[in-house]
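Numbering (the UniProt record's numbering), first residue to last: 1 to 128.
Even for Gly, the Cβ is constructed at its ideal location relative to N, Cα and C.
Working notes for the structure below.
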Amino acid sequence: MKFDIKLEEAKKAIAIPNFKHNDLLITALTDPSDLNHPEIYKTEREHLESVYRRLAFLGDALFDSVLADYPFSINEDLTKQDLDNWRQEIASKESLTEFAIDLGLPKFSSSWNNKESKAPYGRTASLG
């Protein structure tokens with residue numbers, strides 16, 4: 001099963017045009033619901049779901065690390081509460097959806113490249 005992922009555009013959007021692990025990028029840009037496609041055999045689906053979960057774990061850990069490091073390093077006067085509030089605001093579903101839209105991710109992820117779907121512009125609260 002080939003998902004409609006626009007790899008070269010995605011690489012440009014994330015500012016890593018020489019990104020070597022296309023398989024990981026395809027996994028990251030594949031909507032999990034696409035794994036339920038009837039053309040995907042059960043064993044392949046289970047493997048893809050496992051890879052997806054592992055990649056999501058790694059992405060979450062990296063994201064948390066950046067969200068902790070950046071505000072901590074730019075302002076020594078921020079309290080723990082300030083840091084927590086900042087991280088919660090940045091990591092909200094609405095904020096992350098808006099950021100993904102600004103990057104143009106809906107244009108080349110599998111969830112928005114099928115005929116039935118429309119890009120999420122103007123509906124940030126419904127995604128995530």
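Residue environment for L105: buried (at least 16 other C-beta atoms within 10 angstroms of its C-beta). Excluding its 5 nearest sequence neighbours in each direction, P17 has C-beta neighbours in its own chain below 7 angstroms: K11, listed in chain order. Two segments are said to touch when three or more pairs of C-beta atoms, one from each, lie closer than 8 angstroms; by this definition the region 46–57 touches the region 17–34. Put simply, of F57, A56 and D84 the residue whose alpha carbon is nearest the alpha carbon of D69 is D84.
Note on geometry: alpha-carbon atoms of K6 and D60 lie some 23 angstroms from one another.
For L24, the closest C-alpha among the options E39, V66 and A56 is that of A56. Annotated three-state conformation of F108 is coil, per DSSP. N22 carries a helical assignment under DSSP once its states are collapsed to helix, strand and coil.
The beta-carbon distance between E9 and F108, rounded to whole angstroms, is 5 angstroms. This is short enough to meet the 8 angstroms contact definition.
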